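Residue numbers (UniProt numbering), protein chains in the order written: chain A, 1 to 248; chain B, 1 to 248.
So the structure is just underneath, and the comments pick up after that.
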């Protein structure tokens with residue numbers, strides 16, 4: 001089999017950027033395919049049947065093997081390309097700690113993305129409506145998650161230890177989106193000085209900047225009040241509060 | 001180090017039962033500690049500081065190593081006790097497939113638990129109120145998840161292949177709770193015959209029955225209209241729709 005994998009993604013997606021950065025940091029050979037999330041390419045039956053029944057990205061294709069879920073992709077890449085142990089764990093305890101984080105992430109910090117999505121994007125899709133309940137839910141998940149990150153960062157320099165790991169990339173790219181959307185005000189950040197310092201350290205990594213350009217541009221456009229044409233019909237199945245009955 | 005681990009759990013928790021069954025199926029040596037979820041023992045600051053800042057179970061303690069998140073515990077046990085490969089994967093693709101499922105699970109099927117929780121338990125905690133929005137959210141997540149399981153079970157006998165894996169246990173115990181609460185009516189089940197057959201096959205396993213007795217009893221009590229005294233103050237941070245501002 002060839003050693004080049006195919007990476008289906010979109011740079012506005014936080015989990016996509018985390019995997020993308022992991023591959024750039026470690027030199028995984030890949031070809032990229034941008035999936036047009038903005039117009040719901042990922043929501044077509046063809047896409048769901050071929051790649052992922054949930055319609056989510058990122059997706060990795062390695063020969064006849066197709067894999068989705070960013071955390072599963074990270075672990076797979078670590079085995080497949082024997083990535084340096086810091087990224088997905090050097091021993092079973094560290095691997096478990098990073099997996100623990102990835103699940104905490106999916107159900108806590110990741111769902112804070114609703115604060116960004118419903119503040120900055122929902123209007124582009126469904127027009128001006130009252131999104132305050134969805135935004136409140138996202139802010140609630142952020143408020144539940146950030147003190148936990150802060151506590152961890154009191155004891156160590158990164159989320160799962162004193163080396164950077166894939167857990168840091170997953171978390172970091174949530175905050176990149178919040179930064180792009182100016183979602184977390186400075187007085188809120190002031191309550192989490194270690195998390196802020198960690199975030200700013202990670203921002204300095206060239207590969208972090210390499211994958212974050214588009215979301216920062218899109219965020220700046222939205223903050224300036226420009227609309228972005230988007231026709232995707234459904235809300236996100238995770239990361240944001242799915243709301244039954246939101247207009248299609 | 002000793003080979004006996006400590007397992008903190010509660011038998012009404014679906015992820016706890018999945019880990020419990022895994023340990024019984026594979027003969028992992030463990031001592032159990034029941035955490036009194038009903039009265040919110042897991043929500044005390046002492047518990048959160050000692051074990052898990054999210055207050056969730058299951059938790060595994062192995063000497064000086066404390067781990068939470070059921071999927072991370074499963075993977076850790078597989079390495080720690082060299083469990084048979086079917087449970088967490090025989091090769092890197094199978095391991096990745098099971099991890100993929102565990103993340104799909106956390107963000108999709110697991111959140112269907114709200115249908116059970118808000119139908120059968122919420123009233124015991126907060127009294128009679130209108131929980132229809134929370135129940136609708138749980139049912140929505142179930143309705144999104146079940147067709148995907150059905151499709152997978154068209155191609156193979158278990159969720160991640162033709163052998164039972166930890167993915168099956170995670171999913172199975174969600175349906176055990178729905179069964180206990182009579183949440184999924186028979187005409188709904190009729191649309192998912194392969195999933196139903198898979199569920200009934202798994203029900204036959206002695207270790208499945210061994211860990212499910214209490215939830216079936218509690219479910220029967222609630223279906224008969226008996227109240228169960230519960231004083232836990234917060235909603236669940238996952239598996240159900242967290243609602244900011246629900247009365248404490």
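Cβ coordinates follow ideal geometry from the N, Cα and C atoms, glycine included.
This one's a predicted model, so the numbers in the text were calculated from it and none came from an experiment.
{"Item": "Report yes if the C-beta distance between residue 33 of chain A and residue 6 of chain A is below 8 angstroms; otherwise report no.", "Value": "yes"}
{"Item": "Anything in chain A within Cβ reach of residue 76 of chain B, meaning under 7 angstroms, just list it in chain order.", "Value": "92, 96"}
{"Item": "What does DSSP give as the partner residues of residue 31 of chain A in its beta bridges?", "Value": "A:6"}
{"Item": "Counting contacts by CB-CB distance shorter than 8 angstroms, is residue 14 of chain B in contact with chain A?", "Value": "no"}
{"Item": "Taking Cβ to Cβ, would you say residue 181 of chain A is nearer than 8 angstroms to residue 119 of chain A?", "Value": "yes"}
{"Item": "For residue 99 of chain A, decide whether its Cβ has a neighbour in chain B, counting only Cβ atoms nearer than 8 angstroms.", "Value": "yes"}
{"Item": "Is the stretch 41-51 of chain A touching the stretch 15-29 of chain A, taking contact as three or more C-beta pairs under 8 angstroms?", "Value": "no"}
{"Item": "Output, in chain order, the set of chain B residues within a Cβ distance shorter than 7 angstroms of residue 79 of chain A.", "Value": "92"}
{"Item": "Measure the alpha-carbon distance for residue 110 of chain A versus residue 132 of chain A and round it to whole angstroms.", "Value": "18 angstroms"}
{"Item": "Quick check on residue 61 of chain A: does DSSP put it in helix, strand or coil?", "Value": "strand"}
{"Item": "So with Cβ pairs under 8 angstroms, would you call residue 106 of chain A a contact of chain B?", "Value": "yes"}
{"Item": "Counting C-beta neighbours from all protein chains within 10 Å, is the total for residue 107 of chain B 16 or more, i.e. buried, or is it exposed?", "Value": "buried"}
{"Item": "Is there a Cβ from chain A that is less than 8 angstroms from the Cβ of residue 83 of chain B?", "Value": "no"}
{"Item": "Could you name each continuous alpha helix (DSSP H) segment of 4 residues or more that falls completely within the UniProt domain \"GST C-terminal\" (91-227) of chain B, going from the start of the chain to the end?", "Value": "92-107, 113-120, 122-126, 132-155, 166-180, 186-189, 193-203, 206-223"}
{"Item": "Tell me, please, whether the CB atom of residue 199 of chain B is closer than 8 angstroms to any CB atom in chain A?", "Value": "no"}
{"Item": "Identify the contact partners of residue 69 of chain B in chain A, using a Cβ-Cβ distance below 8 angstroms as the criterion.", "Value": "99, 100, 103, 104"}
{"Item": "Secondary structure at residue 37 of chain A, three-state DSSP: helix, strand or coil?", "Value": "helix"}
{"Item": "In three-state DSSP terms, what is residue 83 of chain A?", "Value": "coil"}
{"Item": "Check residue 66 of chain B in the structure and name its three-state DSSP category.", "Value": "strand"}
{"Item": "If I measure Cβ to Cβ from residue 30 of chain B and keep anything under 6 angstroms in the same chain, skipping five residues before and after, which residues do I get?", "Value": "5, 7, 23"}
{"Item": "What's the call for residue 3 of chain B, buried or exposed, on a 16-neighbour Cβ count within 10 Å?", "Value": "exposed"}
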